[in-house]
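For what it's worth, UniProt numbering labels the leading residue of the sequence shown as 1, then goes sequentially.
Ideal placement from N, C-alpha and C gives every residue a C-beta, glycine not left out.
For reference, the structure is listed below as structure tokens.
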Amino acid sequence: MRKLFRPDKKHDLLGPSLSGPIEAAFPSGIKQFYESPDASDVDIVFIHGLDGNREKTWTAKGADEPWPKTLLPLELPSARILTFGYDAYAVKWEKGGSQNRIRDHAWNLLTALASCRESDDTKKRPIIFVCHSLGGLVCKDALIVSKMQSDSHIHDIYERTHAIAFMGTPHHGSELAIWAERLLKSVNVVQKRNTDIVGVLNGKSEVLERIQEEFLATIWGKEEGVSRQIQITCFHEELPTSVKGFNRIVVSKESASLPGSIKIGIHRDHTQMTKFSDQEDPGFKAVCGELRRWATTANPSHVNERRGEFEIALRPKEGMNTFPQVKFVVPYLKNDKFVGRTEILDQLKARLNFSEENHGSQRRVSLFGLGGVGKTQVSLAFIHWVKETNPDVSIIWVHASNLERFQQSFSSIAEKFQIPGHEDPKSNVLVLARQWLEKKDCGKWLMVLDNADDAELFFGKPSPTESHPLDASTNLAQYLPECTHGALLITTRNKQIGVKIASGDGSNVLQVQEMNTSESESLLKSSLANLAANEEEVRTLASRLEQLPLALAQAASFILEYSMSVKEYLELLSESDEALIDLLSQEFETIARDRERSRAVAKTWMISFQQIKEQNPLASELLSMMSFLDRQDITIEILQEYNHLHEDDSRSNVELKRSIGILKNFSLVTEQKNGSLDMHRLVQLVTRSWLDETEANDWFRRKALVCISNLYPFGEFNNREVCRAYLAHALAVLEFHVANEDDEATSRACLLHCVGGYFLLEGLHRQAEEMFREALEIKTNRLGENHSDTLRDMTNLAAAFYGQGRYKEAEKLDIQALEARKLSLGETHPDTLDSISNLAAIFNSQGRYEEAENLYLQVLEAQKLSLGETHPDILRSKGDMKKPKSCISKP
1 MRKLFRPDKK HDLLGPSLSG PIEAAFPSGI KQFYESPDAS DVDIVFIHGL
51 DGNREKTWTA KGADEPWPKT LLPLELPSAR ILTFGYDAYA VKWEKGGSQN
101 RIRDHAWNLL TALASCRESD DTKKRPIIFV CHSLGGLVCK DALIVSKMQS
151 DSHIHDIYER THAIAFMGTP HHGSELAIWA ERLLKSVNVV QKRNTDIVGV
201 LNGKSEVLER IQEEFLATIW GKEEGVSRQI QITCFHEELP TSVKGFNRIV
251 VSKESASLPG SIKIGIHRDH TQMTKFSDQE DPGFKAVCGE LRRWATTANP
301 SHVNERRGEF EIALRPKEGM NTFPQVKFVV PYLKNDKFVG RTEILDQLKA
351 RLNFSEENHG SQRRVSLFGL GGVGKTQVSL AFIHWVKETN PDVSIIWVHA
401 SNLERFQQSF SSIAEKFQIP GHEDPKSNVL VLARQWLEKK DCGKWLMVLD
451 NADDAELFFG KPSPTESHPL DASTNLAQYL PECTHGALLI TTRNKQIGVK
501 IASGDGSNVL QVQEMNTSES ESLLKSSLAN LAANEEEVRT LASRLEQLPL
551 ALAQAASFIL EYSMSVKEYL ELLSESDEAL IDLLSQEFET IARDRERSRA
601 VAKTWMISFQ QIKEQNPLAS ELLSMMSFLD RQDITIEILQ EYNHLHEDDS
651 RSNVELKRSI GILKNFSLVT EQKNGSLDMH RLVQLVTRSW LDETEANDWF
701 RRKALVCISN LYPFGEFNNR EVCRAYLAHA LAVLEFHVAN EDDEATSRAC
751 LLHCVGGYFL LEGLHRQAEE MFREALEIKT NRLGENHSDT LRDMTNLAAA
801 FYGQGRYKEA EKLDIQALEA RKLSLGETHP DTLDSISNLA AIFNSQGRYE
851 EAENLYLQVL EAQKLSLGET HPDILRSKGD MKKPKSCISK P
């Protein structure tokens, strides 16, 4: 095992600990690389990553000194350049290896840097951090701690941080985590292992998630009307790293990026992206360019100038007596990759227009649509537009997916606005926040109620009294503030909730639909900016994923993370439905997606399926059954047929209509002008996958088969339109395998028989052959070869052969059917006479006219005796005899 996971010498990702003993004294703390001969005006601090070194991490192969010491001063002579070292080895040979965690290293960074700056009275100097890999997480946690500290020398680090360059920092985890964890398990017990520091690289790490959420809240907040946003650029590796057992991108572009930051690629692997040999190195130019730009804008006078501009924008407008403190309580930055959606954004701007005085009721607008269709992204784009055009409007984001998130959001509101009494544990923070926002002196505000999908949570049960703590039965709708100076924007998968909260006639309930072709292609191109892909491949991928934004973002993330082409991804999609579902189930990182909710398309929809099942079992059943039909033109008659199959006869058409309405409200089906329903193919596939998890797949597949079998008539001229209308559904349910259950086999054979009849009617003899051949096999096995139903499909199969000119095969089957009918029914039975007529037609087509004529005479004489001279069948038989060298239309 040790041999299997030993790194190559070229890429020692987990440090020298695996190749030999390390130096006795680890180079930790702050070291100065360069100090300007004149007074420096900015501190640039370099922080290495996992198993790194404060000097070697930044030293190119063959170089004697690190580039921040030799090259950077030539570009930034007025900066002081520092480097911080810490023991971040995953494995060490000696017993005294560090067991420090991220927070421990963060504290060491803060105290070392603060002491350095205090000693020479430079604590007011702006700071720029340059962080590689794990060092970025240490830096982020340090700033979180710094902001919370009351001691000025520690708090000043946060206050003076001007910018950060993250280089390959795994903000959302690294592929290396799994490899490294295996490695740690394989090393000798005498080695000291730091599993905590490796574990934080895992994308599911609670520490990683905590750092990310708290850091974003730290840098995005507003304090006393002044923006404190830190400038950030994220550099990502473009080449895979190769070590034994591992050959891929260590930190993907998605994981290395923060929302709203500048993203720059470095054409190196993870370990080499920090090592530059000369000033012409493209990587050096990219990093140095950002540092130069920041250093130019980092002096205190410029910072004060920027803050002054912001404060001017927030001054009261003429005629206003006071200007309330404006807050921006939003956990997400603006999405730079957002494209299109012009029409629905224009509708929001018209309905939630803060430039116009509101003397009537409160403005409320609901956005509803399928999970992953982009409701949250549209809302995010809109609130940033409001922020830019209406700086006097506070903007509040409320997570509404469950009671706990709702309470947390309202607690944040109370804290941000410093609402009196919010720190009292006995107070009801929901009531406090609602009452505060309803006060006019609070100022204008816009609240986004995101993911309000649970009807019971908002309306379902009686609420407690305001003097008692909340419980799970709370009616949360009562805590939404109502006033004319505030507005609500609701996002929900459930149109019913949107209508109720918007409290109107439905005119303020807007459906967010899939992107159009142009928008979806633009989104893919934006997400795959550094990847070469031709127009046709992008267009095909957008179409295959049905222009659904979350699916497109998920595909782009997968393509980039695994360094594949669009063509290769399309090949994966085409392998099978199972492969498509597997791809749609992959978790990934995206901007403005609640971390507590799944980001995978499939899992997002499955949450909706479960909510529907709990809210209305019949709606869930209809959705499940429809997933096995063709996705288009699902008629009300099919759903009624399913309802009639149910053992509980009490389920009325009213309940059926209500259940269909729920599916429409969740945008899982759409109603056409003729009243039929359509489903997304992706929704169908995910529904089947969900049924697989609950082992209900076969049950609903059989019900779909039985419904269509009951409705589909045998193909004849007078029901041709009905056959045509149900054909796609019939073929869909017939695609699935035959089980051994008698009822399913019977329904399948019946449907095959009827569809085969329609194909015969349309002259599609080869397709008819396929239907009748399988029907005959089922009936022979179940009923025996001489059963009347078996013989009927035997003659039908002969007719299909006859239509293809395969007369010998048709003759053989018709003779077999004729002999069996003579024995069981007698020679003059109508079915027997039909077999004789069919055989006569076959002889006629082969030029065996005499044999054909004899058989026609036999049929004619038998019919005269039983039916009389004037019966229509007698006349038809006479007509057949007058057709020499031809055949009747149907044997």
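In chain order, 512, 513, 514, 548, 549, 550 and 667 place their CB closer than 8 Å to the CB of residue 373, counting only its own chain and leaving out the 5 sequence neighbours on each side. Contact between residue 74 and residue 292 is absent: CB atoms are separated by about 11 Å, not below the 8 Å threshold. Runs of the beta strand (DSSP E) lying entirely within the region 28 to 87 and spanning at least 3 residues, in chain order: 29 to 34, 42 to 47 and 79 to 85.
Per DSSP, reduced to three states, the secondary structure at residue 101 is coil, with no helix or strand assignment. When the Cα atoms are used, residue 264 and residue 643 turn out to be separated by approximately 57 Å. Distance between residue 605 and residue 684, taken at the CA atoms: about 11 Å.
In the displayed model, residue 257 falls within coil according to three-state DSSP, outside both helix and strand.
At a Cβ-Cβ threshold of 7 Å, residue 153 and residue 114 count as neighbours. Rounded to the nearest angstrom, the gap between the Cα atoms of residue 578 and residue 729 is 21 Å. Taking all protein chains in view, the Cβ of residue 517 is surrounded by fewer than 16 other Cβ atoms within 10 Å, so the residue is classified as exposed. With fewer than 16 other Cβ atoms from the protein chains shown falling within 10 Å of its own Cβ, residue 717 counts as exposed. Taking residue 200 as the centre and dropping the five residues before and after it, the same chain places the C-beta of 102, 137, 207 and 208 closer than 7 Å to its C-beta, in chain order. At a Cβ-Cβ threshold of 7 Å, residue 144 and residue 215 count as neighbours.
In the DSSP annotation of this structure, residue 161 is not part of any alpha helix (DSSP H); the continuous beta strand (DSSP E) holding it starts and ends at 161 to 167. In the assembly as shown, residue 646 is an exposed residue. Its beta-carbon has fewer than 16 other beta-carbons within 10 Å. The C-alpha of residue 390 lies about 11 Å from the C-alpha of residue 352.
For residue 486, the three-state secondary structure derived from DSSP is strand.
Contact between residue 496 and residue 455 holds, with the beta-carbon distance rounding to 6 Å and staying under 8 Å. If you draw a 10 Å sphere on the C-beta of residue 361, you find fewer than 16 other C-beta atoms in it, and that means exposed. According to the DSSP assignment, residue 447 belongs to the beta strand (DSSP E) that extends over 445 to 450. Annotated as proximal: residue 544 and residue 573, with beta-carbon spacing under 7 Å.
Nearest to residue 708 by C-alpha distance, out of 691, 675, 637 and 770, is 637.
Between the C-alpha atoms of residue 713 and residue 410 there is a straight-line separation of about 60 Å.
In the DSSP annotation of this structure, the continuous segment of the beta strand (DSSP E) that includes residue 679 starts and ends at 677 to 679. Just measuring C-alpha positions, the residue of 67, 671 and 116 sitting nearest residue 285 is 67. With respect to the C-alpha of residue 235, the residue from 443, 288 and 217 having the closest C-alpha is 288.
DSSP places residue 671 in the strand class (E or B) of the three-state scheme.
In the displayed model, residue 237 falls within a strand according to three-state DSSP. In the three-state DSSP reduction, residue 232 falls in the strand class (E or B).
Nearest in C-alpha terms to residue 297, of all of 34, 487, 42 and 815, is 42.
Taking the C-beta atoms as reference points, residue 341 is found nearer than 7 Å to residue 378. With contacts defined as CB atoms closer than 7 Å, residue 237 and residue 269 qualify as a contacting pair.
When rounded, the separation of the alpha-carbon atoms in residue 380 and residue 363 is 18 Å. In this structure residue 147 is not in contact with residue 211, their Cβ atoms being roughly 13 Å apart against a cut-off of 8 Å.
Contact check for residue 763 and residue 715: beta-carbon distance about 11 Å, past the 8 Å limit, so the pair fails to qualify.
Inclusion of residue 806 and residue 744 in the CB contact set at 7 Å is not warranted, their separation being larger than that value.
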